Amino acid sequence: MCLSPLIEKLQSAHDLTDTELLAFLTEPQDEAALFAAADAERRKWYGDAVYLRGLIEFTNYCKNNCYYCGIRAGNPHAERYRLTDTQILECCAQGYALGYRTFVLQGGEDPYYTDDKICALVSAIAAKYPDCRITLSIGEKSRESYQRYYDAGARRYLLRHETASPEHYRKLHPECMTLENRKRCLRDLQAIGYQVGSGFMIGSPGQTPENLLADIRFLQNLQPAMIGVGPYITHSETPFADQMSGDLHFSLKIIALLRLMFPKSLIPATTAFGSMHPQGRELALKAGSNVMMPNLSPTEVRKLYDLYENKICVGEEAAQSFRSLTARIQAAGYRIVSDVGDSLVTKST
Ligand code: SAM
Numbered sequence: 012m013c014l015s016p017l018i019e020k021l022q023s024a025h026d027l028t029d030t031e032l033l034a035f036l037t038e039p040q041d042e043a044a045l046f047a048a049a050d051a052e053r054r055k056w057y058g059d060a061v062y063l064r065g066l067i068e069f070t071n072y073c074k075n076n077c078y079y080c081g082i083r084a085g086n087p088h089a090e091r092y093r094l095t096d097t098q099i100l101e102c103c104a105q106g107y108a109l110g111y112r113t114f115v116l117q118g119g120e121d122p123y124y125t126d127d128k129i130c131a132l133v134s135a136i137a138a139k140y141p142d143c144r145i146t147l148s149i150g151e152k153s154r155e156s157y158q159r160y161y162d163a164g165a166r167r168y169l170l171r172h173e174t175a176s177p178e179h180y181r182k183l184h185p186e187c188m189t190l191e192n193r194k195r196c197l198r199d200l201q202a203i204g205y206q207v208g209s210g211f212m213i214g215s216p217g218q219t220p221e222n223l224l225a226d227i228r229f230l231q232n233l234q235p236a237m238i239g240v241g242p243y244i245t246h247s248e249t250p251f252a253d254q255m256s257g258d259l260h261f262s263l264k265i266i267a268l269l270r271l272m273f274p275k276s277l278i279p280a281t282t283a284f285g286s287m288h289p290q291g292r293e294l295a296l297k298a299g300s301n302v303m304m305p306n307l308s309p310t311e312v313r314k315l316y317d318l319y320e321n322k323i324c325v326g327e328e329a330a331q332s333f334r335s336l337t338a339r340i341q342a343a344g345y346r347i348v349s350d351v352g353d354s355l356v357t358k359s360t
């Protein structure tokens, strides 16, 4: 196969100059060649393994007002819910029986969940499932809070930086939120010893190729264990109701670029890909992703964790979706691995 010079350089150097990166982002690339190169890179490090993370969306209350998000505090039509500790532990039990060895507790920034409550929950899960990893994704907290969660047994934390460009950050968030604090959180989490996942939405309102370049440089500096990206998808009850969603093919191109630039990273085929296209997550796997985060939340609350329109997997039972997912991953040429699935990225802080 005749590769373009940019794809060839990505394969050999795992980096491009700023000018080359902007050209890569703005000029058409041979998709088939790019995805084949990314798939080969992923197989070099992770083979055909797909790691699973059981996602438990335990609260959709949020004190923040991010302009893009359907569960923002300012959406009066969002029907709010919180899972009880018992419900959360049931999700874990069901997930464990299916082979999940990582549980991701994700939610809005819900003040009801004090540090004491989060620590009690994390300790209970850690005591019951010592062979599992506990991931938190509950937003921006103080270093002391992150330390307490770590001491209780949490070992991973997902916090997308969303955008590394201050002016773009301002377009996406109200004044009371700052990019500096988001970055401070990520550095604190790494310093404590968490395996950190960061990332951004693709095609969020106002995003430019220069913003994406800054995102990639930020990630090169951070070296997170996981990089989570997915297309931005519009929600009608947000200030961005009239904005266009991100583009699927461009988002897949970004996945492939990330795989070639961050060969050892975990890169999830996020729910947003599946929500944009029936085969979206399989396409992301073929473009270089190697993680999936199926939903373990009780079926009755799934549709309420309504970040964006047409979110998938709102109706299926965990066991039912696990069976169909296994078949779909196999059909795409990959294999589910039932272990904790640690990242090969080792960042010393
Ligand atoms: N509160 C936590 C936080 O801030 O990290 C976790 C929950 S937050 C809803 C999880 C992620 O959803 C965000 O990092 C954001 O990138 C993504 N998200 C929110 N609204 C979205 C949208 N309209 N389209 C695509 N992704 C979206």
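Residue numbers (this note's numbering): 12 to 360.
For each residue, glycine too, the CB sits at the ideal point set by N, CA and C.
Remember, predicted model here, so these are calculated numbers, not experimental data.
Note to self: Using DSSP's beta-bridge definition, name the partner residues of M255.
What the structure shows: Reading the sequence shown from its first residue, position 244 is the one you call residue 255. Looking at the DSSP assignment, M255 forms no beta bridge with any residue, so it has no partner.
Checklist line | Unbroken beta strand (DSSP E) run spanning A60, endpoints | finding: Residue numbering aside, residue 60 sits at position 49 when the sequence shown is read from its first letter. Element bounds for A60: 60 to 63.
Checklist line | Beta-carbon proximity list for L259, same chain, < 8 Å, skipping 5 on both sides | finding: Along the sequence shown, one-based indexing puts residue 259 at 248. Excluding positions up to five away in sequence, the list reads P242, F284, M287, H288, G291, L294.
Margin query: Are the CB atoms of S276 and V356 within a distance shorter than 9 Å?
Written below: Counted from its first residue, the sequence shown places residue 356 at position 345. Counted from its first residue, the sequence shown places residue 276 at position 265. Closer than 9 Å, so yes.
Check: When the Cα atoms are used, what is the spatial distance from G110 to A343?
Finding: Within the sequence shown, the letter at position 99 stands for residue 110. Within the sequence shown, the letter at position 332 stands for residue 343. Taking the straight line from one Cα to the other gives about 20 Å.
Margin query: Buried or exposed for Y62, going by 16 or more other Cβ atoms inside 10 Å?
Written below: Your numbering for residue 62 matches position 51 in the sequence shown. Per the 10 Å Cβ criterion, buried.
Next item on the list: Out of P279, H172, T37, point me to the one whose CA is closest to F229's CA.
Entry: Stepping through the sequence shown from its first residue, residue 229 is reached at position 218. For F229, the nearest C-alpha among the options comes from H172.
Item checked: Cβ pair C130, D162 closer than 9 Å -> Your numbering for residue 130 matches position 119 in the sequence shown. Your numbering for residue 162 matches position 151 in the sequence shown. Yes.
Checklist line | 8 Å contact criterion, which L233 and E52 should meet: CB distance rounded | finding: Within the sequence shown, residue 233 is the residue found at index 222, counting from 1. Within the sequence shown, residue 52 is the residue found at index 41, counting from 1. About 20 Å separates the two Cβ atoms, so there is no contact after all.
Next item on the list: Compute every distance between the C-beta of N75 and the non-hydrogen atoms of ligand 1, then say whether any falls below 8 Å.
Entry: Here residue 75 is taken as the residue at index 64 of the sequence shown, counted from 1. The answer is yes for N75.
Check: Tell me which same chain residues have a C-beta within less than 6 Å of the C-beta of E68, skipping the five on either side of it?
Finding: Position 57 of the sequence shown, counting from 1, holds the residue named residue 68. The answer, listed in chain order, is Q117, S308, Y316.
Next item on the list: Identify the continuous beta strand (DSSP E) that holds S209 and give its terminal residues.
Entry: What you label residue 209 is simply residue 198 of the sequence shown in a count that begins at 1. 206 to 213 is the span of the beta strand (DSSP E), which, as asked, contains S209.
Next item on the list: Would you mind stating whether E31 and K20 have Cβ atoms separated by less than 9 Å?
Entry: By 1-based counting over the sequence shown, the position of residue 31 is 20. By 1-based counting over the sequence shown, the position of residue 20 is 9. Yes, these two residues count as a Cβ contact at 9 Å.
Checklist line | T360 versus A202: straight-line alpha-carbon distance, rounded | finding: Locating residue 360 in the sequence shown gives position 349, where the first residue counts as 1. Locating residue 202 in the sequence shown gives position 191, where the first residue counts as 1. Since pLDDT at T360 reaches only 43, below the 50 mark, its modelled position is unreliable, and no value is offered.
Checklist line | Within 9 Å, strictly: CB atoms of N306 and L66 | finding: Taking the first residue of the sequence shown as 1, we reach residue 306 at position 295. Taking the first residue of the sequence shown as 1, we reach residue 66 at position 55. Yes; because the gap between Cβ atoms is below 9 Å, this pair is in contact.
Check: Taking C-alpha atoms, which residue in C143, R198, V133 lies nearest to L170?
Finding: Against the sequence shown, residue 170 aligns to sequence position 159. Closest by alpha carbon: R198.
Margin query: Strictly by DSSP, which residues pair up with I347?
Written below: On the sequence shown, residue 347 is found 336 positions in, with the first residue counted as 1. DSSP, once it has assigned bridges, lists V61 as partnering I347.
Note to self: Please report the distance separating the alpha-carbon of S148 from that of E120.
What the structure shows: On the sequence shown, position 137 is the one that residue 148 refers to. On the sequence shown, position 109 is the one that residue 120 refers to. Straight across, the Cα-Cα distance linking S148 with E120 is about 9 Å.
Check: Is it true that the region 247 to 261 meets the region 75 to 88, where meeting means three or more beta-carbon pairs spaced less than 8 Å apart?
Finding: yes
Checklist line | For L27, three-class secondary structure by DSSP | finding: If you number the sequence shown from 1, residue 27 lands on position 16. Here L27 sits in coil by DSSP.
Check: Quick one: is N222 buried, meaning 16 or more other Cβ sit within 10 Å of its Cβ, or exposed?
Finding: Here residue 222 corresponds to residue number 211 of the sequence shown, with the count starting at 1. With 16 or more other Cβ atoms within 10 Å, it is buried.
Check: If you draw a straight line from the C-alpha of E101 to the C-alpha of A330, how long is it?
Finding: By one-based count along the sequence shown, residue 101 stands at place 90. By one-based count along the sequence shown, residue 330 stands at place 319. Rounded to whole angstroms, E101 to A330 spans 13 Å at the Cα level.
Notebook entry, point to check: Given A89, which residues of its chain have a CB within under 6 Å of its CB, disregarding the five upstream and five downstream residues?
Noted result: Position 78 of the sequence shown, counting from 1, holds the residue named residue 89. Only I82 meet the Cβ criterion.
Next item on the list: Flag E311 as yes when its Cβ comes closer than 8 Å to any non-hydrogen atom of ligand 1, and as no otherwise.
Entry: Counted from its first residue, the sequence shown places residue 311 at position 300. In this structure, E311 has its beta carbon at no less than 8 Å from each heavy atom of ligand 1.
Notebook entry, point to check: Any heavy atom of ligand 1 closer than 8 Å to the Cβ of H179?
Noted result: If you number the sequence shown from 1, residue 179 lands on position 168. Not so, every heavy atom of ligand 1 lies at least 8 Å from the Cβ.
Note to self: For a quick check, are the C-beta atoms of I323 and F261 less than 9 Å apart?
What the structure shows: Residue 323 sits at position 312 when you count from the first residue of the sequence shown. Residue 261 sits at position 250 when you count from the first residue of the sequence shown. Contact annotation: I323 and F261 have beta-carbon atoms that are not nearer than 9 Å.
Item checked: Secondary structure of E327, DSSP reduced to three states -> For the purposes of this step, residue 327 is taken as the residue at position 316 of the sequence shown. Residue state, collapsed to three classes: coil.
Checklist line | Beta-bridge partners of M304, as assigned by DSSP | finding: As a working note, residue 304 is residue 293 in the sequence shown. Bridge partners of M304: none, in fact.
Note to self: Please report the distance separating the alpha-carbon of K297 from that of L190.
What the structure shows: Along the sequence shown, one-based indexing puts residue 297 at 286. Along the sequence shown, one-based indexing puts residue 190 at 179. If I take the Cα positions, the gap works out to 32 Å.
Next item on the list: Run the proximity test for C187: is its beta-carbon closer than 8 Å to any non-hydrogen atom belonging to ligand 1?
Entry: As a first step, residue 187 is located in the sequence shown; it is residue number 176 there, counting from the start. Result no, Cβ not under 8 Å from ligand 1.
Next item on the list: Please confirm whether any heavy atom of ligand 1 lies closer than 8 Å to the CB of C130.
Entry: Numbered from 1 along the sequence shown, position 119 holds the residue referred to as residue 130. No, the beta carbon of C130 sits no closer than 8 Å to any heavy atom of ligand 1.
Next item on the list: Quick one: residues in its chain with C-beta nearer than 6 Å to the C-beta of L94, no 5 flanking neighbours on either side, listed in chain order?
Entry: If you number the sequence shown from 1, residue 94 lands on position 83. Once the five neighbours on either side are set aside, the close Cβ partners of L94 are F69.
Check: Is there at least one non-hydrogen atom of ligand 1 closer than 8 Å to the beta-carbon of S171?
Finding: For the purposes of this step, residue 171 is identified with residue 160 of the sequence shown, where counting begins at 1. Note on identity: in this sequence residue 171 is Arg, with Ser being the wrong assignment. Checking every heavy atom of ligand 1 against the Cβ of R171, one is found closer than 8 Å.
Check: Nearest to Y4 by alpha carbon, out of I238, K128, R64, N71?
Finding: Residue 4 cannot be examined here, being either before or after the span of the chain that is shown, 12 to 360.
Notebook entry, point to check: Which word fits C187, buried or exposed, when buried means at least 16 other C-beta atoms lie within 10 angstroms of its C-beta?
Noted result: Here residue 187 corresponds to residue number 176 of the sequence shown, with the count starting at 1. It counts as exposed.
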